[in-house]
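Chemist: Have a look at the structure that comes next, please.
Protein chains: 2
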Amino acid sequence: MKDKQIPYKIYIEENEMPHSWYNLRADMKNKPAPLLDPVTHKVMTAEDLSGVFCDELIRQELDDATAYYDIPEEIRSFYKMYRPSPLVRAYCLEERLGTPAKIYYKFEGNNTSGSHKLNSAIAQAYYAKQQGLKGVTTETGAGQWGTALSMACSYFGLDCKVYMVKCSYELKPHRREVMRTYGASVTPSPSTETEAGRRILAEHPGTGGSLGCAISEAVEKATSTEGYRYVLGSVLNQVMLHQSIIGLETKIALDKYDIKPDVIIGCAGGGSNLGGLIAPFMGEKIKGEADYRIIAVEPESCPSFTRGKYAYDYCDTGMICPLSKMYTLGSNFMPAATHAGGLRYHGMSSTLSQLYDDGLMEAVTVKQTDVFAAAEEFARVEGILPAPESSHAIKVALDIAKECRETGEEKTIVFGLTGTGYFDMMSYEKFHNGVMQDYRPSDEEIATALERLPHIE
Amino acid sequence: MKDKQIPYKIYIEENEMPHSWYNLRADMKNKPAPLLDPVTHKVMTAEDLSGVFCDELIRQELDDATAYYDIPEEIRSFYKMYRPSPLVRAYCLEERLGTPAKIYYKFEGNNTSGSHKLNSAIAQAYYAKQQGLKGVTTETGAGQWGTALSMACSYFGLDCKVYMVKCSYELKPHRREVMRTYGASVTPSPSTETEAGRRILAEHPGTGGSLGCAISEAVEKATSTEGYRYVLGSVLNQVMLHQSIIGLETKIALDKYDIKPDVIIGCAGGGSNLGGLIAPFMGEKIKGEADYRIIAVEPESCPSFTRGKYAYDYCDTGMICPLSKMYTLGSNFMPAATHAGGLRYHGMSSTLSQLYDDGLMEAVTVKQTDVFAAAEEFARVEGILPAPESSHAIKVALDIAKECRETGEEKTIVFGLTGTGYFDMMSYEKFHNGVMQDYRPSDEEIATALERLPHIE
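Residue numbers (my numbering), protein chains in the order written: chain H, 284 to 740; chain Y, 284 to 740.
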C-alpha cells in the first residue's frame, strides 16, 4: 500500500477548524450578476428582500466585497458536534482499482441530517434567532434540507415549518419522521394552509405537488406570519458562504500533509456542495497562486451547465422569487420522474454560473445507471453507502482513476462525498432489479422550457 | 461552558488505535461456564464445533486464558476506514440539562451498517476467508447484523447468505436493499431452501417467521453446503473479544485527558456492545486497579438480567445450538410484538452473566416510551438520531445526570451509543403519534418460558 504515512482519515484538530467562512465572490474578477425584482426587473436591495429573508443573511447575500466572515461562537459550538468532517484517503478503493491515482474524499454524511446541508441550516437558524424571530419556513423535496433545518431549529429553539412535496411526504415517511423527531411541523404541499396551496388544489385536486409549489407556500407563509422568515438550502450566495467550511477544512487537511490536488470534483444541483468544496481552491486559481482542474458533475436528466442557457431566469416555478442570472434550463423544466437522486433544480448558483462562464471550471453529465453502478462499486470497498447525489462525483472520480491506471499518471483526485443514501434505498432497489431507467431530455424539451425566460432589457 | 480544553470529540490518532483485542475472560477469577452439547450435555470441544464455526473463531470462543489477541493487519486496515470512532463530550446536552455531571458517549454509528456490529463482522469474515471458505450464513432480525456482515463479506469477496425474518424482510425493505447493495443474498425466513424452513412452512403456512427459525435455517445451510460456515453477531465469546475495540479505544481517549469515569452504561441484548465497552474497565476492576459503577440497561419487555434465571439454556428456539450458562428468560420467551427496538434475545452473554452473578455490575430495566422520550431529548441537542437500542443507555445516563443536578455531584458518565436509528423511523412515528405501548411480561409468562430449561446434572 502506498503512502502509509498519510492516515486513512485526516481529521484536523478542533483548534485548527476555520474561524471564518470564505466569500469567494470577493476575489472574483467578474462578479456574479445581482438579483433582480421579478416584476420591475430592478436590482434588489436589502430593503426589498427584508420581508422574506433575515437581515444578516440579506447582508451576506448581497455582499461581494468582504472576503471573510467570522463564524459566530454559537455556530462553531454546533459545528464541533459533527465537524471537522473527515478527509478520507481511499486506500481500499485505489487498491481495488489498481490505480496509481491518489483518491481523497471529503465526507459530509456523518451527521443525522445525512448531508452537508446542515452547515448552512445551522447558520441560517442562528441568524433568525439573533434577529428575535419566532420561526422559519422552508420547502423540501427529497428531505435532506428539511431534516437539516429541523435539527438546526431544534437546537436554537426556533419553530420550523416545512412544506414537503406531497408525493415525497407519502413516499418517504422516514424522512418526515426524522423531521418530526426534531420538532418540525411538516405539511404536505399543496396544502389548504396557504392561498397558493388552495389555488393549486382547486385546479389540480389529485396533484402530488412540486418543489415550485412548495416554495410558493413556504414564502407566502413566511411573509404573512408575524415573526417568520423564509430560508433556502442551496443556490443562494449566503449558502455558498456557509458551505465554504467544506473546502476550507479540506484545504487545511491537505496542507497538513503537503498534498496538492490535481483534480477537484463535486456534484452540482443548485451548487451548495460544489461551491463550498471548491471555494478556497478557486480563490487560489483566480489569484494565480495555484492551478486545479475543477469539475462539476450533473445528471444527464437535468443538465443546466452543459445544455442550459446563461441568462436571467426565475428561481421558482411560481415566478415570485427574485430573478437570478444563471445557467438555466427554464424555470418550469422538470427532470423526468424516473430521475432518482436530487440535483433536480432547473438553475444553478449565480456564482458558479459566472465561474463556469469564465472558463474556470468544467462540467460533465453522467447517466443515472452509471451513477448507481459507481455508487455500488464505491460502497463495497469503502464501506460508506453514498447518496445518489454524491455518487455523481464518485462516477467521475472512478473514471479518472481508471484512466490513470492506463496512463500510469499519479494524479491526486479530491471529490466531495456530500451524504449518505439511507433514505434512497428504493432507488437502489430499482437499480438492483434492473428496472432503473436513464433519461436524456430532448433539445425540444429544453428549448420549450427556455421560452419562459424573462425578457431583461 | 465547562472544561473547554477537552474537545467535543476525542479522536485518538490512527497510530494510537489498539493493536490487540482484549479477552476479558483471561482476567476473570470465576470463568464463564463452558458450552455444552444440547443432546449429550457434554462440554463442547473444538472438534464438536468445527462443522458449524470457522476454526480460528472456535479457538477464540474456547480460549479463556489468552488475554490479548493481535488484530490482523487486514482487519486493522478495514477498521481504519471507519475507526477510531469518536468519544464525544456531550457539552450541549450537559448545558441543556444544567447538570454538573460530565457526559461522554462512544459513538459507534458512523459507518454504513449503522452500528458497532461491524467490529465483529469484519473479523469473522476475515477468518472465514483465511480458512479458504467460500461463504458464510447468518440470520438477521432488525437487520443491523446482516448489514454489517454483508459489508464485511463484500470487502473480502466472500459469499454472504442472510436469512431475514420474513416480517422484517417485508416491513424493512430498506435494510434488505442495503444488504443487496453489498452483494448479499437475502432470503425471507422461513424459506423453501432448507428442511427446517419447509417444515415450518408446512405447519404454519402464513407465518411471519422468527429469529429462532432463521437461526435453524442458517445453521442447516452452513452445515450442509461445502465451504460454508455459520456466523453470529452477539452472545458469543468471540464477539465480545472483537467488540473490546470499543472499550479499548474509549480507555485510550479518556486516558489522553486524564478522565476517570465514575459510571459506565451500556444497553444489553445479547451483550455484544456492553461486553465490548466495559472490557478494559472491568479488567481493572477485577484486578483491583480501579473501581467503576457499571450498569447494564435492558428493556422492561425482555429483562434477562433482572428477572431471568442463571442457568444452562438453549441458545436458540430450535434447540440445535450448544447450551450456554447464562441469565435467561427461557429459549422460547418472546418479547411482546409492541417492543420496538432490538434487545429481544432471551438470554445473555455467558461472560456478562458470570460478571453479573459475581456482583461486578448492576442491571436496570427501562420502559419503552421513556426510552423514546430520552432518544428525542438527546437527538434535539446532540444532533445524532439514536437507535432505539442505544437509547436504553441514553435514558439511564440522562437520569443520572439529572440526579447530579439535584445533588451537585460532578460525576463522570460514559455510555455506549451503539448506532443510529435511520431504519427505525416507524417506531419513532408510533411514539410521535402517542400510540407506542409499554409491556411488562407477567411472572407467569416468564415462569412458563423457563419450564423448558434443560435438566443439567
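Just so it is clear, CB atoms sit at the ideal spot from N, CA and C, and this is done for glycine as well.
(1) So, for Pro544(H): in the same chain, excluding its five sequence neighbours on each side, which residues have a beta-carbon less than 8 Å away from its beta-carbon?
(2) Would you say His629(Y) and Met617(Y) are within 9 Å of each other, going by their C-beta atoms?
(3) Less than 8 Å between the CB atoms is what I'm expecting for Val649(H) and Ile548(H), so what's the real figure, rounded?
(4) Run down chain H in chain order and give the residues with a C-beta less than 8 Å from the C-beta of Tyr465(Y).
(5) Tell me, please, whether the stretch 410 to 428 of chain H touches the stretch 708 to 725 of chain H by the rule of three or more beta-carbon pairs shorter than 8 Å.
(6) Exposed or buried, which one is Asn306(Y) when buried takes at least 16 other CB atoms within 10 Å?
(7) For Asp707(Y), count neighbouring C-beta atoms within 10 Å of its own C-beta (all shown protein chains included) and say buried if the count is 16 or more, exposed if not.
(8) Within 9 Å (strictly less), CB to CB, does Phe698(H) reach chain Y?
(9) Determine which residues of the stretch 414 to 442 of chain H have a Cβ less than 7 Å from any Cβ of chain Y, and write them out in chain order.
(10) For the stretch 390 to 408 of chain Y, which residues have a beta carbon sitting closer than 7 Å to at least one beta carbon of chain H?
(11) Apply the 10 Å Cβ neighbour rule to Met709(Y) and answer buried if 16 or more other Cβ atoms are within range, or exposed otherwise.
(12) How long is the line joining the alpha carbons of Met434(H) and Asp346(H), rounded to whole angstroms?
(13) Among the residues of its own chain, which have a CB less than 6 Å from the CB of Val742(Y), if the five just before and after it don't count?
(14) Helix or strand or just coil, what does DSSP make of Gly624(H)?
(15) For Pro290(Y), which residues from the same chain have a beta carbon less than 8 Å from its beta carbon, with the 5 sequence-adjacent residues on both sides left out?
(16) Which one or two residues does DSSP pair with Ala579(H) in a beta bridge?
(17) So, for Ser437(Y): in the same chain, excluding its five sequence neighbours on each side, which residues have a beta-carbon less than 8 Å away from its beta-carbon?
(18) Could you name the residues that DSSP lists as bridge partners for Arg372(H)?
(19) Find the residues of chain H that neighbour Leu668(Y), judging by a C-beta separation of less than 7 Å, and give them in chain order.
(20) For Asn313(H), count neighbouring C-beta atoms within 10 Å of its own C-beta (all shown protein chains included) and say buried if the count is 16 or more, exposed if not.
(21) For Arg458(Y), would you say it is in contact with chain H, using Cβ-to-Cβ distances shorter than 9 Å as the test?
(22) Kindly identify the DSSP beta-bridge partner or partners of Phe698(H).
(23) What residue range is occupied by the uninterrupted alpha helix (DSSP H) comprising Ser636(Y)?
(24) Does DSSP put Ala411(Y) in a helix, in a strand, or in coil?
(25) What does the Cβ neighbour count give for His738(Y), buried or exposed, with the cut at 16 atoms within 10 Å?
(26) Can you tell me which of Pro315(Y), Ala350(Y), Lys292(Y) puts its alpha carbon nearest to the alpha carbon of Leu606(Y)?
(27) So which of Leu531(H), Ser499(H), Gly699(H), His675(H) has the shortest CA-CA distance to Thr600(H)?
(28) Quick check on DSSP: helix, strand or coil for Met284(H)?
(29) Measure from the C-beta of Tyr711(H) to each C-beta in chain Y and report whether the shortest distance is under 9 Å.
(30) Do you know offhand how far Ile561(H)'s Cα is from Glu532(H)'s?
(31) Quick check: the Cα distance between Glu478(Y) and Val445(Y), rounded to an integer number of angstroms?
(32) Along the beta strand (DSSP E) that carries Ala594(Y), what are the first and last residues, could you check?
(33) Indicate the three-state DSSP secondary structure (helix, strand or coil) for Thr423(Y) in the structure shown.
(34) Under 8 Å Cβ to Cβ from Thr634(Y), same chain only, skipping five residues before and after it: list those, please.
(35) What's the gap between the Cα of Glu734(Y) and the Cα of Gly613(Y)?
Modeler: On the basis of the data shown:
(1) Here residue 544(H) refers to the residue found at position 261 when the first sequence is read from its first residue. So the list reads Tyr387, Leu537, Phe564, Tyr575, Thr695, Ile696, Val697, once near-sequence residues are dropped.
(2) Counting from one through the second sequence, the residue named residue 629(Y) turns up at place 346. Counting from one through the second sequence, the residue named residue 617(Y) turns up at place 334. Yes, Cβ-Cβ distance for His629(Y) and Met617(Y) is below 9 Å.
(3) Position 366 of the first sequence, counted from the start, is the residue given in the question as residue 649(H). Position 265 of the first sequence, counted from the start, is the residue given in the question as residue 548(H). Between Ile548(H) and Val649(H) the Cβ distance is about 11 Å, and since that is not below 8 Å, they are no contact.
(4) Taking the second sequence and counting its residues from 1, the one referred to as residue 465(Y) is at position 182. Ala662, Arg663, listed in chain order.
(5) no
(6) Counting from 1 along the second sequence, the entry for residue 306(Y) is found at position 23. Classification of Asn306(Y): buried, given that the 10 Å Cβ count is 16 or more.
(7) The residue you call residue 707(Y) lines up with position 424 of the second sequence. Asp707(Y) is buried by the Cβ-count criterion.
(8) One-based indexing of the first sequence puts residue 698(H) at position 415. Cβ-Cβ to chain Y under 9 Å: no for Phe698(H).
(9) Met434, Ser437, Tyr438
(10) Asn393, Asn394, Thr395
(11) The sequence position of residue 709(Y) within the second sequence is 426, counting from 1. By the 10 Å Cβ count, Met709(Y) comes out exposed.
(12) Here residue 434(H) refers to the residue found at position 151 of the first sequence. Here residue 346(H) refers to the residue found at position 63 of the first sequence. Between Met434(H) and Asp346(H), the C-alpha separation is close to 27 Å.
(13) Any property of residue 742(Y) remains undetermined from this structure, which presents chain Y solely from 284 to 740.
(14) Counting from 1 along the first sequence, the entry for residue 624(H) is found at position 341. Coil at Gly624(H), not helix or strand.
(15) On the second sequence, residue 290(Y) is found 7 positions in, with the first residue counted as 1. Excluding positions up to five away in sequence, the list reads Arg372.
(16) Residue mapping note: residue 579(H) aligns to position 296 of the first sequence, counting from 1. Paired residue(s): Gly549(H), Ala646(H).
(17) As a position in the second sequence, residue 437(Y) is number 154, starting the count at 1. Within the same chain, Ser437(Y) has close Cβ partners Cys443, Tyr465, Gly466, Ala467.
(18) By 1-based counting over the first sequence, the position of residue 372(H) is 89. Answer is Tyr387(H), bridged to Arg372(H).
(19) Here the question's residue 668(Y) lines up with position 385 in the second sequence. Simply Thr395, Val461, Thr464.
(20) As a first step, residue 313(H) must be located in the first sequence, where it is residue number 30. By the 10 Å Cβ count, Asn313(H) comes out exposed.
(21) Residue numbering aside, residue 458(Y) sits at position 175 when the second sequence is read from its first letter. True, the Cβ-Cβ gap to chain H drops below 9 Å.
(22) In the first sequence, counting from the first residue as 1, residue 698(H) sits at position 415. Paired residues: Tyr388(H), Ile548(H).
(23) The residue given as residue 636(Y) occupies position 353 in the second sequence. Counting along the chain, the alpha helix (DSSP H) containing Ser636(Y) begins and ends at 633 to 640.
(24) Numbered from its first residue, the second sequence carries residue 411(Y) at position 128. Helix, per DSSP.
(25) Start at 1 with the first residue of the second sequence, and residue 738(Y) comes out as number 455. That one is exposed.
(26) Start at 1 with the first residue of the second sequence, and residue 606(Y) comes out as number 323. Leu606(Y) has its Cα closest to that of Pro315(Y), out of Pro315(Y), Ala350(Y), Lys292(Y).
(27) Your numbering for residue 600(H) matches position 317 in the first sequence. Selected option, being the one with the closest Cα: Ser499(H).
(28) Walking along the first sequence from the start, residue 284(H) turns up at place 1. For Met284(H), the pLDDT reaches just 45, beneath the cut-off of 50, and the residue's location in the model is therefore unreliable, although a value from the coordinates is still provided. Here Met284(H) sits in coil by DSSP.
(29) Within the first sequence, the letter at position 428 stands for residue 711(H). Yes, Tyr711(H) lies at the interface with chain Y (some Cβ there is under 9 Å from its Cβ).
(30) In the first sequence, counting from the first residue as 1, residue 561(H) sits at position 278. In the first sequence, counting from the first residue as 1, residue 532(H) sits at position 249. Going from the Cα of Ile561(H) to the Cα of Glu532(H) covers about 11 Å.
(31) On the second sequence, residue 478(Y) is found 195 positions in, with the first residue counted as 1. On the second sequence, residue 445(Y) is found 162 positions in, with the first residue counted as 1. Taking the straight line from one Cα to the other gives about 16 Å.
(32) Numbered from 1 along the second sequence, position 311 holds the residue referred to as residue 594(Y). It spans 592 to 597 - the beta strand (DSSP E) in which Ala594(Y) sits, taken as one unbroken run.
(33) Residue numbering aside, residue 423(Y) sits at position 140 when the second sequence is read from its first letter. Note: Thr423(Y) maps to strand in three-state DSSP.
(34) Counted from its first residue, the second sequence places residue 634(Y) at position 351. So the list reads Leu307, Arg308, Met311, Pro315, Asn520, Met523, Gly554, Gly558, once near-sequence residues are dropped.
(35) Position 451 of the second sequence, counted from the first residue, corresponds to residue 734(Y). Position 330 of the second sequence, counted from the first residue, corresponds to residue 613(Y). C-alpha separation (whole angstroms): 7 Å.
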